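Colleague:
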Amino acid sequence: MGEILVAGGGAAGMMAAIAAARAGADVTIAEHNEKLGKKIYITGKGRCNLTNDCTTDEFLAQVPRNGRFLYSALNRFGPRDMMELLESAGCPVEVQRGRRVFPASEKASDVTKTLTALLRRWGVRVRLNTEVAELAVRDGRVTGAVLSSGEFLAADAVILAMGGLSYPGTGSRGDGFRLAAEAGYTVIPPTPVLVGIETEENWPKALQGLSLKNVRLTMSCGGKTRYEELGEMLFTHFGVSGPLVLEASCHLPEDGAKGAGLTIDLKPGLSSEQLDARLQRDLTAGGKKMLRSVLNGLLPSRLAECFPVLCGVSGAMSCSQVTAGQRETIAAMMKGLRLTVRAPRPLAEAVVTRGGVSVKQVNPGTMGGKLHSNLYFAGEMLDVDAHTGGYNLQIAFSTGALAGASAAL
Ligand SMILES: Cc1cc2nc3c(=O)[nH]c(=O)nc-3n(C[C@H](O)[C@H](O)[C@H](O)COP(=O)(O)OP(=O)(O)OC[C@H]3O[C@@H](n4cnc5c(N)ncnc54)[C@H](O)[C@@H]3O)c2cc1C
């Protein structure tokens, strides 16, 4: 038991400090922002989807890569433990659709406030506006850290919880990756996930702001389906975004997403035959009306406006003029509107950074680095990420809690 320095005061760092202090250690958090947990404030659109009320196996199914690495951390401090910790500290939580857990107040600030109160209760020293610039290492052990002010902070153990490279305005600027690499750890190159996707086609720009509900999105590459799900998506000035697209971005090929195909089934509840029969009926009933006015009954009006052009027909033609071939094309496009991936949006816009400290060099039972007996890692700076639903914050809390408890031993 001794002095523990936690570098980074985000979700992972705060939880690591709480766990270490509860275990009796003398703990300091060094956070270069003017306040703790800056990113937490913007999570879940300000409501903070802090975890997901699911079992460990269900949780791991939402972690596309390196999920097994999290097994011990989740078993030691899982979603239920997080919910109980907050509730017992006076922050009631609420389980919502998809078992997503939020503070009952739906205010992300309540989560930060509660964690800050726990830090105070356990006597953690919090140093704000304090930037960790370098790790001090001697004979295979970390002896502390040098701050950008030049000050040296001695420590018996150091926990790096400095986040990734997403939303750098919240403080995560990749410093943790640099420190880990300087200490000899392999850092898997960071890439964006849970991010919008730029398309080769320009037409989504004309529809920016339009949200599609109850559609099926399929992403395929080299003839293989990599993602398929029902839900909601959004057209933007660069291409597509929204919940389905963010999830699909986790499955883009890492060696080049360019050319991957996105297919939108606008009518997943109808078979091709049913849709064609419906169109035929509507067109017959439409008579002299313009094609686009009939499509209005089947599609959101902004999409109905430009849909005929995407199908190579004029929206101004009358329904009675539409040939059987044109009708079949329209029906086929409704069942499979295609887009081509140019690239994911940049890391700064990604909800999460993929990549980071290689999990092969971190002990999953302690979060300790294998190259140093007293250096620990937690949170987004590890090479593990998950889908949306509260899983990423829980990864930060679970790995933080395990790193803190292990460092305090
Ligand atoms: C818009 C948005 C919405 C999100 N919504 C959700 C959600 O609802 N649910 C969910 O589960 N996940 C969500 N996430 C993801 C989640 O916020 C992150 O996975 C999580 O915050 C990672 O926590 P962390 O502590 O590892 O890193 P961070 O939160 O990035 O914390 C790292 C901390 O280290 C500090 N730091 C960095 N360098 C230094 C240095 N040199 N010296 C001192 N301090 C330093 C930073 O200032 C920062 O405070 C969202 C992310 C974004 C961007």
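In our numbering, the protein residues as written are 1 to 409. The beta carbon of each residue, even a glycine, is placed where N, CA and C say it ideally should be. Keep in mind the model is a prediction, meaning the values are calculated, not measured.
Any idea if E247 is buried or exposed, counting beta-carbon neighbours within 10 angstroms, 16 or more meaning buried?
Modeller: It is buried - the Cβ of E247 has at least 16 other Cβ atoms within 10 Å.
Colleague: Answer yes or no: the CB of L417 versus the heavy atoms of ligand 1, is any distance below 8 Å?
Modeller: Nothing can be reported for residue 417: it is not among the residues displayed for the chain, which extend from 1 to 409.
Colleague: Identify the residues that DSSP records as bridge partners of I330: which are they?
Modeller: In DSSP, I330 forms no bridge with anything.
Colleague: What's the C-alpha gap between L298 and M82?
Modeller: 44 Å
Colleague: State the DSSP-derived secondary structure class of V294, mapped to helix, strand or coil.
Modeller: helix
Colleague: Buried or exposed: which applies to G242, given that a residue is buried once 16 or more other Cβ atoms fall within 10 Å of its Cβ?
Modeller: buried
Colleague: Ligand 1 and A7: does the residue's C-beta get closer than 8 Å to at least one heavy atom of that ligand?
Modeller: Yes.
Colleague: What are the complete alpha helix (DSSP H) segments, minimum 4 residues, inside the stretch 4-28?
Modeller: 11-22
Colleague: How should T186 be labelled, buried or exposed, when 16 other C-beta atoms within 10 angstroms of its C-beta is the threshold for buried?
Modeller: exposed
Colleague: Does the distance between the C-beta of A11 and the nearest non-hydrogen atom of ligand 1 fall short of 8 Å?
Modeller: The answer is yes for A11.
Colleague: In angstroms with no decimal places, state the Cα-to-Cα distance between Q321 and E229.
Modeller: 36 Å
Colleague: What would DSSP say about G368, mapped onto helix, strand or coil?
Modeller: strand
Colleague: Could you tell me which residues DSSP pairs with S220 in its beta bridges?
Modeller: T225, G261
Colleague: Just to check, is the beta-carbon of R173 closer than 8 Å to a non-hydrogen atom of ligand 1?
Modeller: Result yes, Cβ under 8 Å from ligand 1.
Colleague: Where do the ends of the alpha helix (DSSP H) carrying T65 lie?
Modeller: Sequence check: residue 65 is Arg here, not Thr. No alpha helix (DSSP H) holds R65; DSSP gives it neither H nor E.
Colleague: Assuming R345 and G261 form a contact by the criterion Cβ under 8 Å, report the distance between their Cβ atoms to the nearest whole angstrom.
Modeller: The Cβ separation is near 18 Å, so there is no contact.
Colleague: Report yes or no: do three or more beta-carbon pairs, one from the stretch 346-356 and one from the stretch 17-36, lie closer than 8 Å?
Modeller: In short, these stretches do not touch, since the Cβ pair count stays below three.
Colleague: How about L128 and G9: do their beta carbons lie closer than 9 Å?
Modeller: Yes. Within cutoff.
Colleague: Which word fits E182, buried or exposed, when buried means at least 16 other C-beta atoms lie within 10 angstroms of its C-beta?
Modeller: Around the CB of E182, fewer than 16 other CB atoms lie within 10 Å, so the residue is classed as exposed.
Colleague: Would you kindly check if the distance between the Cβ of A396 and the Cβ of A161 is under 9 Å?
Modeller: yes
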